[in-house]
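Q: I'd like to ask you about the structure that follows.
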Amino acid sequence: MEAHDLALQEFLTKNKTQFVIPVYQRNYDWKQNQCEQLLKDILEVGSEGSNDTHFIGSIVYIHDGVYTTSEVKPLVIIDGQQRLTTITLLFLALYHFAKQNDMEAKAREINDTILINKFVEHEDSKLKLKQTENNAKAFHYIVKGKEPNNYPEFSRIINNYQFFSKKIDKDNFQVVWNGINRLLFVEVSLERGKDDPQRIFESLNSTGLELSQADLIRNYILMGLEPLEQIKKFENYWEPIEQNAKIERSDESKVSDFIRDFLTFENKKIPNKNKVYEEFKIRYKERGETFYVNTLSSIKDYSKLYNKLLNPLKEPVKRIAEELINIRQLEINVSYPFLLPVYNDYINSLIGESDFVDILKLIQRVYRLN
């Protein structure tokens, strides 16, 4: 492991380098107030007469040593992706402002040194920042200069780009540029196969958003795998779990709650809400192929049932759906660890439909008595 402080712009202008956000990282999630604070800090250090610098925390990445066969050198970001993405969005806003205001030389400088790898052939290696799939779609959309208001779905990438675009004008363009040049961070470089990224990740005292228990578990499951295996395991197992543990027509994730309920019926004790990750690590110390094929497959199957607890209308049997709706409306969430294996028994025909309905009604009666 190597660590030293560095000017952010020096880091971003590395030639033939791609900053890769791996699939185990959570979705980009910075809100407008965080972007507003960052811009305020940049304007302060960039103002005329200021000799100050501003420290933005650490960026931790994994590289593959001196030798790599790829066209660009991939740096896999394990901490700092939120800040790195936000600052790239600010550069994008500066680039489009320069393009629209006859500042061609500055637009070319931003594009050719910060946004893209100019002298690479493969399209997949062109962008300096390689996002995960959901963020990548929005990111590519604004890179191409399309109208952000026409983007078909909600995206923090789009929202924060628009925020920066509205804040940049002819009076402050140079101030923002100067301020970005005065941003400093700690660069922490890990070498694949030599350093333990999971241990280092856990010990980081990040200045970014607090990770949820689900974020930590996702990192634990995927971080140690080779990049192609990460994508395969993410798509086969974790992504369906994340999709299933959502309330329909809502952006709210219930993955942490689901894993907590799953562990409750597996361990026969309820984990503290802030200790779900620790309990998961204790139960699943070994993460060989059996863990992925058997354990994660089982968790994925239970997440399908959890999806119906969260969204009862997805249950095709009407009278079961009606009882699940009642339980949901009464907010008897404490019953979920019990209901998951019972629901599983019903799905596997170990108990009949009438028995399952009776159990659901009994849960409601006990709740009302208490």
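The working numbering applies: residue 97 is where the sequence shown begins, and numbers increase by one. Don't be surprised by glycine CBs; every beta carbon is placed ideally from N, CA and C. No experiment lies behind these values; they were computed from the predicted model shown.
Please confirm if the region 346–361 is in contact with the region 393–413, defined as three or more CB-CB distances below 8 Å between the two stretches.
A: Yes, since at least three Cβ pairs between the region 346–361 and the region 393–413 fall closer than 8 Å, the two stretches touch.
Q: Check the C-beta distance from Glu362 over to His159 and give it rounded, since I have them as a contact under 8 Å.
A: About 37 Å separates the two Cβ atoms, so there is no contact after all.
Q: What are the boundary residues of the beta strand (DSSP E) that includes Glu283?
A: Start and end: 279–287.
Q: What first and last residue would you give for the alpha helix (DSSP H) that runs through Gly142?
A: From DSSP, the alpha helix (DSSP H) with Gly142 extends over 128–142.
Q: Less than 7 Å between C-beta atoms, sequence neighbours within five positions excluded: which residues of the same chain meet that for Phe259?
A: Closer than 7 Å at the Cβ level, and outside the excluded window around Phe259, lie Gln128, Cys131.
Q: In chain order, what residues of the same chain have a beta carbon less than 7 Å from the beta carbon of Asn268, not counting five sequence neighbours either side?
A: Only Leu139 meet the Cβ criterion.
Q: Going by other Cβ atoms of all chains shown within 10 Å of its Cβ, with 16 needed for buried, is His192 buried or exposed?
A: It counts as buried.
Q: Go ahead and pull the three-state DSSP assignment for Leu186.
A: Correct three-state label for Leu186: helix.
Q: Where does Ile378 land, buried or exposed, given buried means 16+ other C-beta within 10 angstroms?
A: Exposed is the call here.
Q: Taking 7 Å as the limit between beta carbons, can you name the residues of its chain near Trp126, skipping five residues before and five after?
A: Within the same chain, Trp126 has close Cβ partners Gln178, Thr182, Arg252, Asn256.
Q: Quick check on Asp451: does DSSP put it in helix, strand or coil?
A: Helix.
Q: With respect to the beta strand (DSSP E) encompassing Tyr124, which residues constitute its N-terminal and C-terminal limits?
A: Where Tyr124 is concerned, there is no enclosing beta strand (DSSP E), given that its DSSP letter is neither H nor E.
Q: With DSSP as the reference, identify every bridge partner of Val156, one or two as the case may be.
A: Bridge partners of Val156: Asp175, Val284.
Q: Closer than 7 Å by C-beta to Ile455: which residues in its own chain qualify, once you throw out the five before and the five after it? Chain order, please.
A: Excluding residues within five positions, the ones whose Cβ falls inside 7 Å are Val438.
Q: Any chance the region 304–319 sits against the region 372–387, with 3 or more Cβ pairs inside 8 Å?
A: The region 304–319, when compared against the region 372–387, does touch it at the 8 Å Cβ threshold.
Q: Hey, could you find the ends of the beta strand (DSSP E) Thr113 is sitting in?
A: Looking at the DSSP string, the run of the beta strand (DSSP E) that includes Thr113 is 113–116.
Q: Just the C-alpha distance for Leu186 and Glu374, rounded to the nearest angstrom, thanks.
A: Rounded to whole angstroms, Leu186 to Glu374 spans 37 Å at the Cα level.
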